[in-house]
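Beneath this line is the structure, given in structure tokens, with notes to follow.
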Ligand SMILES: [Fe+2]
Ligand SMILES: [Fe+2]
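Residue numbers (this note's numbering), protein chains in the order written: chain A, 10 to 259; chain B, 24 to 235.
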């Protein structure tokens, strides 16, 4: 995903707190989610709008989770990344992919901030992009690659779910794609991404607790199972083709 | 022997008036903490843990680096949560610290306000899941630190914790959503039982009483 300076997110409706409190009386919400800061630090990176309505992924993810996840968590990564880049202006003109693939060249003073928040920005931008669909299975070359590299659809799913449920603490499960089309499943902690190893990401699932806690609480495995139902395989097939063509971004 | 889930030292709705709701405590203790206990018990035989204390297991696993993580993840989280339940209470909070604790905090950390700010910063800057700590360091001085995931100062060799705050999102997501700084303020201002912290200081740390 390229950067779009000047893009601004318009939240679809206010984040209402009262509804959740009424629906779950044993819950006390002490604090409303953080609103967007009045004057977010400007910078080269911006929050991409969700490419669908917040309730588009209800089959796996509730609308409130989508709103907070995108409007507060992802937004915070973007803002903190911009603040870090302001300390190292030489990074501002680079593609995020290139920055993450060469973290060793990022000035030490901002390296951890760029790793965490640049990773967070890249991971979430990819994550929104591949959802909004109705699940099912991919076709064509991607399905053939899954058969070749994992021994079939069921084994691919099982291995990806295993990577998702066994990542201890916050992190992600990814499928990487090589230029020749080979696929591999990788776990990463926190906001690290295979981009940091110079690999391309075909798809990935966020298994930080914030991704699923409001609906699933401790039941990560159930979230991970349901997540397949909202994937847009058309988008993922397009990413696969772009990776093979050498044009895939983030 | 096996490890066991100690009961909460108060009812599950006891902290609701201090912004830790019943559902949070029920899930956190009955599901999350319990899962660590069950997983740890499942490792006793295969990892040769029989006869060892929980503290010893944390320290040894910490020395093994990445190889020790499968044990440390579960053992550390069992120890960490035992401490966490103890240092909160319905009568927690406030600025009145037992004299010896207050004097020690002032001497080593500059005062209660400075301690609170340092502890909050430790919790806010622990990226991803983990813990913020007040420990009796190996030099005998109090110090504030943080650890990722299931690690703790026993496993890093930094000292003996006398206060710990869980900053995994499961600890605060129902009550505070994404706003971790407010959860930490609430913990420090409304939940910490300073009498318990003072007792742990006097005793030189917490003994879980648990062993494999
Ligand atoms: Fe996330
Ligand atoms: Fe916890």
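Just so it is clear, CB atoms sit at the ideal spot from N, CA and C, and this is done for glycine as well. Every value quoted in this text rests on a predicted model; they were computed, and no experiment measured them.
Item	Value
Along chain A, in chain order, which residues have C-beta atoms closer than 8 Å to that of residue 30 of chain B?	In chain order: nothing, as chain A lies at least about 19 Å away.
Taking only beta carbons into account, state which residues of the segment 213 to 233 of chain A come closer than 8 Å to chain B, listed in chain order.	217, 218, 219, 222, 223, 226 and 227
Is residue 202 of chain A near residue 132 of chain A, with beta carbons less than 8 Å apart?	yes
Go to residue 143 of chain B, then tell me how far its beta strand (DSSP E) extends in each direction, as first and last residue.	From DSSP, residue 143 of chain B is part of no beta strand (DSSP E) but of the alpha helix (DSSP H) over 135 to 148.
Counting C-beta neighbours from all protein chains within 10 Å, is the total for residue 157 of chain A 16 or more, i.e. buried, or is it exposed?	exposed
For residue 232 of chain A, I'd like the list of residues in its chain whose CB is within less than 6 Å of its CB, leaving aside the five on either flank, ordered along the chain.	221 and 225
Taking 7 Å as the cut-off, is the beta-carbon of residue 106 of chain A closer than that to any non-hydrogen atom of ligand 1?	no
DSSP three-state label for residue 140 of chain A, please.	strand
For residue 61 of chain B, name the three-state secondary structure that DSSP assigns.	helix
Enumerate, from N- to C-terminal direction, the unbroken alpha helix (DSSP H) stretches of 4 or more residues contained entirely within the segment 153 to 198 of chain A.	162 to 175
Measure from the C-beta of residue 77 of chain A to each C-beta in chain B and report whether the shortest distance is under 8 Å.	yes
Does the structure place the segment 162 to 176 of chain A close enough to the segment 30 to 40 of chain B that three or more beta carbon pairs sit under 8 Å?	no
Assuming residue 245 of chain A contacts residue 151 of chain A under a Cβ cut-off of 8 Å, what Cβ separation, rounded to an integer in Å, is found between them?	7 Å
With 8 Å set as the bound, which would you pick, yes or no: does the beta-carbon of residue 134 of chain A sit closer than that to a beta-carbon of chain B?	no
Hey, could you find the ends of the beta strand (DSSP E) residue 238 of chain A is sitting in?	It is not in any beta strand (DSSP E) - residue 238 of chain A carries neither H nor E in the DSSP assignment.
For the alpha helix (DSSP H) that contains residue 74 of chain A, what are its first and last residues?	72 to 77
Give me whichever residues DSSP pairs with residue 209 of chain A in a beta bridge.	A:186
Quick one: which chain A residues come within Cβ less than 8 Å of residue 54 of chain B?	226 and 227
Rounded to whole angstroms, what is the Cα-Cα separation between residue 72 of chain A and residue 222 of chain B?	46 Å
Assign residue 252 of chain A to one of two classes, buried (16 or more other C-beta atoms within 10 Å of its C-beta) or exposed (fewer than that).	buried
Decide if residue 209 of chain B is buried, meaning its Cβ has at least 16 other Cβ atoms within 10 Å, or exposed.	buried
Is there at least one Cβ from chain B nearer than 8 Å to residue 32 of chain A's Cβ?	Its pLDDT being 38, under 50, residue 32 of chain A is placed unreliably by the model, and the measurement read from it follows with that caveat. No, no contact with chain B.
Going by C-alpha to C-alpha distance, which of B:202, B:194 and B:160 sits closest to residue 44 of chain B?	B:194
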